[in-house]
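The letter at position 85 of the sequence shown is residue 76 when you use this note's numbering, and the numbering goes up by one with no holes. In this text, a Cβ means the ideal position worked out from N, Cα and C, and glycines have one as well.
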Amino acid sequence: MLDNEAFGSFVFYSTLLIIKMYIVAIITGQVRLRKKAFANPEDAMRHGGIAFAREDPDVERCRRAHHNDMENIFPFLFLGAVYSMTEPTLLIARTHFQVFFLGRVVHTVAYLLALKAPTRSLAYIVAQVPCFSMAVQVLIAVASHR
C-alpha cells in the first residue's frame, strides 16, 4: 500500500496529527497537575485531597482543544485514506494533507495559548478546505464508477 505515494504521504501526515493529539493529551495532564484540578476523586485524593476534584478553566481549554482535534482529525483520517485510493495527483494530494496538518497545528496553538480572534477560526477554516475538497473528489470518483 505504501507504493501508492499519495497514500504514503497521507500516512506520514496522519501519523504527525496523531502525535500532535498525544502531545495535547500530555499537556492536558500536565496542566491538571500544575493547577491541581482532577476529574476523578481518587486522583484528587492522591494529590492533596477531595477539594482538588474540580474543574479549572485552563484544563477545560486543553480538553476542548483535544475534543476539537477528535472532531476534525478522525474524519480527516477516513477522507484522506479513501481519497488516496482515488489515484490523485501526488502534488495535489500532498498539498491537501499539508494544509490540513498545518491548519490543525495553528488551531491547536491558537487554542492552547488563547491567541487573539480570529486566529483559531481562520485555522479551522483553512483545515476544512482540503477535507471538503477530498470529500467532493471521493464522491465524484465513486459516482463515475457506478
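- Excluding five sequence positions before and after R55, the CB atoms of its chain that fall closer than 8 Å to its own CB belong to Y102, given in chain order.
- By a beta-carbon distance limit of 8 Å, V120 contacts V90. Their separation comes to about 7 Å.
- Around the C-beta of G39, fewer than 16 other C-beta atoms lie within 10 Å, and the residue is accordingly described as exposed.
- In the structure shown, A28 falls within a coil segment according to DSSP collapsed to helix, strand and coil.
- Put simply, the backbone Cα of Q128 is about 15 Å away from that of L68.
- Under the three-state reduction of DSSP output, A(-3) falls in the helix class.
- In this structure, V50 lies near A28, with their beta-carbon atoms less than 8 Å apart.
- Distances from the CA of E33 to each of R23, A44, E78 were compared; the closest alpha carbon is that of A44.
- For A56, the secondary structure class from DSSP, reduced to helix, strand or coil, is helix.
- Apart from sequence neighbours up to five positions away, the residues of its chain that approach D47 with a beta-carbon distance below 7 Å are K26, A28, ordered along the chain.
- Bridge partners of A108 according to DSSP: none are assigned.
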